[in-house]
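Going down the list, the protein sequences come from chains A and B. By this note's numbering, the letter at position 60 of the first sequence is numbered 60, and the numbering carries on one by one without gaps. Just so we're on the same page, this note's numbering is the position in the second sequence counted from 1, plus 1000. All C-beta atoms in this analysis are idealised placements derived from N, C-alpha and C, irrespective of residue type, glycine included.
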Amino acid sequence: MSDNGNNILMRVEDLRLYFRTRNGVVQAVDGVDLDLGYNEAIVVLGESGCGKTSLAKAVLRLLPRNVDTYSGHVYLNGTDVMALDDRDFRRDVRWVKMSMVPQAAMNALNPVLRVGDQVAEPMTAHYLADKEEALAQARRMFQHVGVPVDFLHRYAFELSGGMRQRVALAMALVTMPNLVFLDEPTSALDVLTQANIFNVLKQIKNELEVSFILITHDIATSSELADRVAVMYAGHIVEVSHASLFFAEPLHPYSRMLMDSVPRLKVEQEPTFITGHPPSLLGPPSGCRFADRCPSRFEKCAEEPSVFEVKGHRVKCWLYG
Amino acid sequence: MSVDIRNREEEVENETLLDKGGYEKLSGALLSVRDLRVWFELKRFGFLHAGYVRAVDGVNFDLHRGEAIGIVGESGCGKTTLMKTILGLYRPTEGEVSFAGSEVDTFGSQALQSYRSSVGYVQQDPYGALPPFMNVQSILEEPMRIHGIKDELERDRRIRDVMSEVKMTPADDFLNKYPHMLSGGQQQRVVIARAMILEPRLIVADEPVSMLDASVRVEILRLLQKLQDSHDLAVIYITHDLSTVRYFSEYIFVMYAGKLIERARVHELLANPLHPYTHALLEATPDPDYQNALTQKEIPPGEPPSLVNPPSGCRFHPRCSRMIQGLCEVEIPPDFEPEPEHFAACWLHR
């Protein structure tokens, strides 16, 4: 899917986002390459602090004030949106072509606005739609995400967690973007609600033909949506492969250990855990960043690994060199 | 809450039972919950009665020494209220919680203090549970000060023992650190160490791993398991995640809208879920498999009911696909035992 040049919605090349802190420069996103097809869902997996949320923010240019380095290319439908100035980016890209459901968005809805007005707001802001039109579009989105239409007039506190999450999703979809980032969309929800939200996401992916980048640390639920999987470790993407290949046989030692740490419900398999901690992103080790915790480390790992194509996976590991 | 002064004298007897040696004399359950109801009154304008929230509504179980149970349920099903009542933080509206043969609700301040030293509590959010202005040493010392362990050498010995038990060695590297300097996994170890430091007999763990990364979760669960084995602890593990329960406890209790609806040994329950709700929970919990993305899951419609006006009869009936007309919505199902030691409160198994 992603190999076909005409079918690429977004291509990220050598994206870097470093933050300045009192203790030095944090290399949160450090040379990430990633591409994404139309109507494709890619999952970015990784432990907390590996830079996966920063990756989303870097692509959407939602930057804090302490940015040290912000470089690379993001091609969206072939145009480099990194080259746009802030005004054009805001007008033509953010929330028009790509939007985001931030982490814990369901708890960040404005308590004094009706949810319908909140969902309609991006329409008035970006398409200068009048209120009627915007509300009609919000109503359509409510139907897509499975919220009863009369909830348009309710306030956030009158909705349950699952419904609020759907409203947050509707807000990201209302402008009909091509790409939606989902940052841990179900981490605060119950099992049944979570399964429900994933049902909705699958349905929306078919109906509206959007692409998703799902950011999560929950491997088991990520398989509910993934066409492809990207594993992130300490600011690098260490493996990208199709879901069918990844969930059957991950190649990078980190991906393997991550998969082995998942408690399984239906299969008899004792989970294991990864000893040690991810390296600090303040001056990370120069070679492979996983080397310290890796069981199959050898001399070569002192150098930074290149990316190798093996059996349909792209792996950043010397084992496959 | 008012404490009846006359009861105070009778409590002295309870206190003697709570001596550490007292357990050995008792046969039977360490913790026994009988027909427990915890209702919270709703008030209108601050004084008019407006009904009750029936957070826990008729729960029965026994827990023996060295046993681990997992209580599984969605948020709002009453599992935290149940836990807090067991810890003595809420008073039962009806029914009782007994620990080592004496009723927790009747404890006076001294008995309660001694009860709290025998029950450890592991919180959900380790960062929120640790005071940010205290270092690890003082966090671990505080319970001992409160419970009258005055000997400084003894305190130091215990801290070092417990630190090595939670695998934070060398202890000196950590004792002077403040919570924000530790990783999530280490913070949770400190919380566990604090729960263990008074050598409790029962540990109540409320979603101890839900805030941690996948790679650390298993490590913390293993640690709890090891502590349980080596100290012959009884453990109540509260969670919404079925997949972690199986590695930890011997029994699973499934809770829905204030009631335990199914109780069985872990393997029995996972292999043969009897209640439609348990079935749905198992169905909704994915294992990593790319085929998950290709199908829609069958999820019972709707949401858990309000506990102010729970549905009549079986509380799951409005969402249940196998509801029996004329029975499920009328009569509350009792616990049936279709298989030995496997209880389900569902009319399908009458």
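query, result
"Please confirm if residue 1026 (chain B) has its CB atom under 8 Å from at least one CB of chain A.", "Note on residue 1026 (chain B): pLDDT 48, under 50, position unreliable in the model; the coordinate value appears next. Chain A, which has no Cβ nearer than 8 Å to the Cβ of residue 1026 (chain B), makes this no."
"Could you name the residues of the same chain whose beta carbon sits closer than 6 Å to that of residue 1323 (chain B), not counting the 5 residues immediately before and after it, in chain order?", "1317"
"8 Å is my cut-off, CB to CB: does residue 17 (chain A) come that close to chain B?", "no"
"Across which residues does DSSP place residue 241 (chain A) in a beta bridge pair?", "A:229"
"Answer yes or no: do residue 1196 (chain B) and residue 1124 (chain B) have a C-beta to C-beta separation smaller than 8 Å?", "no"
"Using C-beta distances below 6 Å, list every residue in its chain close to residue 1192 (chain B), excluding the 5 sequence neighbours before and after it, in chain order.", "1122 and 1166"
"Since residue 1190 (chain B) meets chain C, which of its residues come closer than 9 Å, beta carbon to beta carbon?", "No chain C is part of this structure, whose protein chains are labelled A and B."
"Under 8 Å between C-beta atoms, does residue 266 (chain A) make it to chain B?", "yes"
"Comparing C-alpha positions only, which one of A:277, A:112 and A:95 sits nearest to residue 127 (chain A)?", "A:95"
"Report the residues of the segment 248-259 of chain A with a CB closer than 8 Å to any CB of chain B, ordered along the chain.", "248, 257, 258 and 259"
"Determine the chain B residues that contact residue 220 (chain A) at a beta-carbon separation under 8 Å, and present them in chain order.", "1243, 1285, 1286, 1287 and 1288"
"Leaving out the 5 sequence neighbours to the left and right, which residues in its chain are closer than 7 Å to residue 1333 (chain B) when beta-carbon positions are compared?", "1314, 1345, 1346 and 1347"
"Are there three or more Cβ pairs, one per stretch, closer than 8 Å when the segment 98-109 of chain A is compared with the segment 159-175 of chain A?", "yes"
"Exposed or buried, what is residue 282 (chain A) when buried is set at 16 or more other beta-carbons lying within 10 Å of its beta-carbon?", "exposed"
"Return the chain-ordered list of same chain residues with a C-beta closer than 7 Å to the C-beta of residue 27 (chain A), the five sequence neighbours on each side being excluded.", "18, 235, 281 and 284"
"Going straight from the alpha carbon of residue 1136 (chain B) to that of residue 21 (chain A), what length do you get?", "26 Å"
"Give the interface partners of residue 1293 (chain B) over in chain A, defined as CB-CB distance under 8 Å, in chain order.", "41, 202, 223, 224, 225, 226, 227 and 243"
"Just list the residues that DSSP pairs residue 1098 (chain B) with in beta bridges.", "B:1032 and B:1103"
"Of all the CB atoms in chain B, is at least one closer than 8 Å to the CB of residue 23 (chain A)?", "no"
"Please tell me whether residue 1031 (chain B) and residue 1086 (chain B) are closer than 8 Å, where the distance is taken between their beta carbons.", "yes"
"Using a Cβ-Cβ distance cut-off of 8 Å, determine whether residue 1240 (chain B) contacts chain A.", "yes"
"To test your reading of the DSSP string, which unbroken beta strand (DSSP E) runs of 3 or more residues are found completely within the segment 1208-1250 of chain B?", "1234-1239"
"Run the CB neighbour count on residue 321 (chain A), radius 10 Å, all protein chains shown included, and call it buried at 16 or more, exposed below.", "exposed"
"With the cut-off set at 8 Å, would you say residue 327 (chain A) and residue 180 (chain A) are in Cβ contact?", "Residue numbering for chain A in the displayed model covers 1 to 321; residue 327 (chain A) lies beyond these limits and cannot be assessed."
"Look up residue 1042 (chain B) in the DSSP assignment and say whether it is helix, strand or coil.", "strand"
"Strictly below 8 Å CB to CB, what residues from chain B border residue 217 (chain A)?", "1213 and 1214"
"Against chain B, does residue 186 (chain A) count as a neighbour if the rule is that its beta carbon must be under 8 Å from one of theirs?", "no"
"For residue 1136 (chain B), which of helix, strand or coil comes out of DSSP?", "helix"
"Output the distance between the C-alpha atoms of residue 64 (chain A) and residue 51 (chain A), rounded to the nearest integer angstrom.", "14 Å"
"Rounding to the nearest angstrom, what Cα-Cα distance links residue 58 (chain A) and residue 1128 (chain B) in this structure?", "29 Å"
"Within the segment 1254-1292 of chain B, note down every full beta strand (DSSP E) run reaching 3 residues or more, in order along the chain.", "1259-1265"
"Buried or exposed: which applies to residue 1364 (chain B), given that a residue is buried once 16 or more other Cβ atoms fall within 10 Å of its Cβ?", "The structure shown does not extend to residue 1364 (chain B), since chain B is modelled only from 1001 through 1350, so no value can be given for it."
"Could you give the DSSP three-state label for residue 1081 (chain B): helix, strand or coil?", "helix"
"Based on the DSSP output, what are the partners of residue 324 (chain A) in its beta bridges?", "Summary: the structure shown does not reach residue 324 (chain A), with chain A confined to residues 1 through 321, and so no result is reported for it."
"Does any residue of chain A bring its CB to less than 8 Å from the CB of residue 1297 (chain B)?", "yes"
"Could you have a look at residue 10 (chain A) and say whether DSSP puts it in helix, strand or coil?", "strand"
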